[in-house]
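Reminder that position 250 of the sequence shown reads as 376 in my numbering, one-by-one numbering, no gaps.
For every residue, glycine included, the Cβ atom is placed at its ideal position computed from N, Cα and C.
What follows is one structure encoded as structure tokens, with my remarks underneath.
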Amino acid sequence: MKDSKKAKARVEELRQLIRHHIYLYYVLARPEISDAEYDRLFNELKLLEKQHPQYIVPDSATLLVSGGVAVVAEGFAPVEHSSPMLSLDNAATEEDVREFEARMHRILPGTTFDYVCEPKIDGLGVALVYEKGKFVRGATRGDGRVGEDVTHNLRTIRNLPSVLRGPLAQYELLEVRGEVFMWKAAFQKLNRYLEEAGESPFANPRNAAAGSLRQKDSGITAKRPLDITLYQLGTATPPASFATHWEILEAFRESGLPVSREVRLCGDLDAAIAYHREMEARRNEIGYETDGVVLKVNNLDQRMTLSSTTHHPRWAIAFKFKSQEAQTRVRRILINVGRTGALTPSAEVDPVEIAGATISRTTLHNADEIARLDVREGDLVLIERAGDVIPHVVHVVPETDHKSRPRFRMPPRCPVCRGHAYRPEGEVVWRCSNAACPAQLKERLLHYGSRRVMDIEHLGEAVVYQLVDRDMVKDFADLYHLEVESLASLERLAKKSATNLYEAIQGSKRRGLSRLLFALGIRYVGENVASLLAQHYGSMDKLVGATEEDIAGIYGIGPRIAATAAEFFAQKENQRVIERLQAVGVRMTEVTAPGVKKILAGKTFVLTGALPAMSRDEAKATITRLGGRVTSSVSKKTNYVVVGTDPGSKYDDARRLGIPILDEAAFKKLIAGG
Ligand SMILES: [Zn+2]
127 MKDSKKAKAR
137 VEELRQLIRH
147 HIYLYYVLAR
157 PEISDAEYDR
167 LFNELKLLEK
177 QHPQYIVPDS
187 ATLLVSGGVA
197 VVAEGFAPVE
207 HSSPMLSLDN
217 AATEEDVREF
227 EARMHRILPG
237 TTFDYVCEPK
247 IDGLGVALVY
257 EKGKFVRGAT
267 RGDGRVGEDV
277 THNLRTIRNL
287 PSVLRGPLAQ
297 YELLEVRGEV
307 FMWKAAFQKL
317 NRYLEEAGES
327 PFANPRNAAA
337 GSLRQKDSGI
347 TAKRPLDITL
357 YQLGTATPPA
367 SFATHWEILE
377 AFRESGLPVS
387 REVRLCGDLD
397 AAIAYHREME
407 ARRNEIGYET
417 DGVVLKVNNL
427 DQRMTLSSTT
437 HHPRWAIAFK
447 FKSQEAQTRV
457 RRILINVGRT
467 GALTPSAEVD
477 PVEIAGATIS
487 RTTLHNADEI
497 ARLDVREGDL
507 VLIERAGDVI
517 PHVVHVVPET
527 DHKSRPRFRM
537 PPRCPVCRGH
547 AYRPEGEVVW
557 RCSNAACPAQ
567 LKERLLHYGS
577 RRVMDIEHLG
587 EAVVYQLVDR
597 DMVKDFADLY
607 HLEVESLASL
617 ERLAKKSATN
627 LYEAIQGSKR
637 RGLSRLLFAL
647 GIRYVGENVA
657 SLLAQHYGSM
667 DKLVGATEED
677 IAGIYGIGPR
687 IAATAAEFFA
697 QKENQRVIER
707 LQAVGVRMTE
717 VTAPGVKKIL
727 AGKTFVLTGA
737 LPAMSRDEAK
747 ATITRLGGRV
757 TSSVSKKTNY
767 VVVGTDPGSK
777 YDDARRLGIP
787 ILDEAAFKKL
797 IAGG
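This is the structure we're talking about:
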């Protein structure tokens, strides 16, 4: 009785935890725990429910199709799938896979199966609808029954055909299913860019893909390196007459629908198991995150007979790879100093091999994370390395010695300059307060010279470190006073390289205000905000003279950014650096088309349908040039909806919300004053 009470409490606790983590994972795309940890919670709940079936409730996470709850976020219209997008059953071992085939043999005795196999991409499931070969709608998988309409964002994916050719173009209606994902290399690049812009990076490619696909502003999605692969035919009208899954994939290819490069037809289960082994060995070379391979029965008649349970199709299984976790011991906890003075802890650990790579360092994110994990030097920890993401500590392995080890405390001083360390109110990050901290200066200079910023070629780490350590550069302006001779005095820098570097530095003077603002490293001022400020003020003088309220009034700039920017320009040291940059001839203005009146400033537009004379890009460029903004969905904040022929649901939305609707002629009249 007592046990059962305990079980009940734990079941409830687990359900709450799982719900919370599902929300973080699917809705916010910012999970706090690893997939493996989530699986542990989920499996514990499943086991408890099995032992105590009286506590099963209809909406338990264990009973839902995708292991997710209904997660239709605000702002995306719900789309009901033509048939449920079921999740796949899992196999962890060869034994499990043989049992999977044995189950099918119980339904179809004496049958031989061949399998279509491909790596299971860790991305976001989507269903796409084509009408007479034209892409009309796409939705996320959501809870398996109802997903979110992300058509406008899917349209920005370069390898997704908007028009089909070949055999599949003929169907009245065709629904295909697949996965939106991000290549690991593209993901790393995106994160570097986000970090440079002072924004928080994504935890892994899956979250990056999910976060990007669920952007309200498809302009942002378009800049994200998303990719798609298709692997399943949903409904077709008239009904399709394929005999095998392999034929379907061939038809996908001929129609222009991207299919996995690794997909293979395996003649029997042994061949499929060999395929699994091969892919596991190549796992890190494939280029995208994958945690196993999917085996699907090839013959579609056999599939029909096998059918599905309420949770999974009986004819497919996900055969997982080995875990990417390992235990090791923490040697030391180290602190790195970033360009904004952020003190970031990491753990040096006993080298351990995980999925083919030797790990000796893991991130610890911040002091709160260390406190949450209660990691101490000398502790045995479980670390996870999911793909190429920086390995992190999942939890401390319980040991009696743990308590006797000293608890970790953030050092009161910067490890590099001994400057006072502090934690700004409302932030998780500790910072070095010393503006002259050489570690910060090095990072700031590297940012200043990086390609997307002032683009100073050859200003790499080795050079920057020497310039700072030898006191040759104390701020950005000093860079422009460096002569070829003094640069040539640096180690490993021949005269010719010194000349090249000199010219690169001088050449960077012409980059313009937008890049310069990004280069200055003002907190929260990334590439986007820098460009907004530059466009609005046009010159540094005007911006420096602006008040906080003035800056906050710019469309797209929030109060937090306005406050930090105003504070930055109010500081004497910053003003001095800007003056010195100006004195050496760094350009302080932005080139804008002369004579353009920003007559659409603060106005938001939505475009739908095809305009008779103007391309959509043209219309968009015109609106932006005149100070307006184009968004992808209609809301109460929309000022105008510009409607062409064949308008979509946005037209209905505009009517429903009573937003002024313009045809091309009316739109042209509106912009005529600009
Ligand atoms: Zn410091």
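Keeping to the same chain, check which residues put their C-beta closer than 6 angstroms to that of residue i; ignore five residues upstream and five downstream.
i      : result
GLU375 : Position check: residue 375 holds Leu in this sequence, whereas Glu was assumed. Result list for LEU375: VAL385, in chain order.
GLN296 : none
ARG350 : SER338
LEU189 : Note that LEU189 scores a pLDDT of 49, beneath 50, so its modelled location is shaky and nothing firm can be said.
LEU490 : PRO471, SER472, ALA473, ILE496
THR282 : SER344, THR347, ALA348
TYR663 : LEU669
GLY802 : The question about residue 802 has no answer, for the chain in this structure spans 127 to 800.
Within 10 angstroms of the Cβ of residue i, are there 16 or more other Cβ atoms? Answer buried if so, exposed if not.
i      : result
LYS132 : exposed
THR266 : buried
GLU388 : buried
ARG755 : buried
SER486 : exposed
GLU510 : buried
PRO179 : exposed
VAL262 : exposed
SER433 : exposed
PRO685 : exposed
ARG781 : exposed
PRO331 : buried
ALA719 : Low local confidence applies: a pLDDT of 48 at ALA719 is under 50, so the model's placement there is unreliable, with the coordinate-based value given in what follows. It counts as exposed.
ASN492 : buried
PRO517 : buried
ASN560 : buried
GLU653 : buried
Name the two residues that bound the continuous beta strand (DSSP E) containing residue i.
i      : result
LEU508 : 506-510
TRP441 : Element bounds for TRP441: n/a, residue is neither H nor E.
GLU806 : This structure gives no information on residue 806, because the portion of the chain shown stretches from 127 to 800.
GLN697 : Premise fails: GLN697 is in no beta strand (DSSP E) and is neither H nor E.
VAL523 : Neither: VAL523 is in no beta strand (DSSP E) and is coded neither H nor E.
SER576 : From DSSP, SER576 is part of no beta strand (DSSP E); its letter is neither H nor E.
Out of the options, which one is the CA nearest neighbour of residue i?
i      : options                        : result
ARG455 : ASN462, GLY464, HIS521         : HIS521
GLY638 : ARG649, ALA624, LEU659         : LEU659
GLY753 : ILE704, PRO773, ILE680, LYS762 : ILE680
GLU569 : THR484, PRO538, PHE602         : PHE602
LYS729 : ALA736, THR748, LEU737         : THR748
GLN341 : ARG596, GLU274, SER381         : GLU274
CYS558 : GLY575, HIS573, PRO538, TYR574 : PRO538
PHE793 : LEU737, ALA217, LYS246, ARG641 : LEU737
VAL272 : GLY482, SER209, PHE534         : SER209
ARG702 : HIS491, LEU646, PHE328, ARG145 : LEU646
ILE354 : ALA253, LEU490, GLU587, PRO327 : ALA253
LYS529 : SER160, ILE459, GLY504         : GLY504
ILE461 : PHE447, GLN453, PHE534, HIS438 : PHE534
ILE631 : VAL651, GLU609, ARG618, LEU616 : GLU609
TYR591 : LEU567, GLU611, ALA791         : LEU567
To the nearest whole angstrom, what separates the beta carbons of residue i and residue j, a pair I think is in contact under 8 angstroms?
i      : j      : result
VAL420 : GLU244 : 6 angstroms
LEU171 : VAL205 : The pair is not a contact, with the Cβ atoms about 29 angstroms apart (cut-off 8 angstroms).
GLU220 : ILE443 : Actually they do not touch by this definition, with Cβ atoms about 12 angstroms apart.
LEU783 : LYS762 : 6 angstroms
ILE247 : GLU305 : 5 angstroms
VAL555 : ARG641 : With a Cβ gap of about 26 angstroms, VAL555 and ARG641 do not count as contacting.
Taking 8 angstroms as the limit between beta carbons, can you name the residues of its chain near residue i, skipping five residues before and five after?
i      : result
PHE368 : LEU359, ILE374, ALA377, LEU426
LEU484 : Checking the displayed sequence, the identity of residue 484 turns out to be Thr instead of Leu. For THR484, where only same-chain residues beyond five positions count, the Cβ hits under 8 angstroms are PRO477, VAL478.
ARG390 : VAL242, CYS243, GLU244, TYR401
SER758 : HIS278, ASN279, LYS342, ASP343, SER344, GLY345, VAL732
ILE144 : TYR164, LEU167, PHE168, LEU171, ALA187
PHE239 : GLU227, MET230, ASP394, LEU395, VAL423, ASN424, ASN425, GLN428
Excluding the five sequence neighbours on either side, which residues of its own chain have a C-beta within less than 7 angstroms of the C-beta of residue i, listed in chain order?
i      : result
LEU316 : ALA334, ARG350, PRO351
VAL542 : VAL463, CYS563, PRO564, ALA565
TRP372 : VAL242, LEU391, ASN424
GLY711 : LYS635
Counting contacts by CB-CB distance shorter than 8 angstroms, is residue i in contact with chain D?
i      : result
ALA739 : Looking for chain D here will not work: only one protein chain is present.
If you follow the alpha helix (DSSP H) that residue i is part of, which residue opens it and which one closes it?
i      : result
GLY273 : Per DSSP, GLY273 belongs to no alpha helix (DSSP H); it is in the beta strand (DSSP E), 272-274.
ASP494 : 493-499
ALA791 : 790-797
GLU227 : 220-233
inquiry  = Residues around ligand 2, please: the ones whose beta-carbon is closer than 5 angstroms to some heavy atom of it, in chain order.
reply    = In the structure shown, ligand 2 is absent; the only ligands present are ligand 1.
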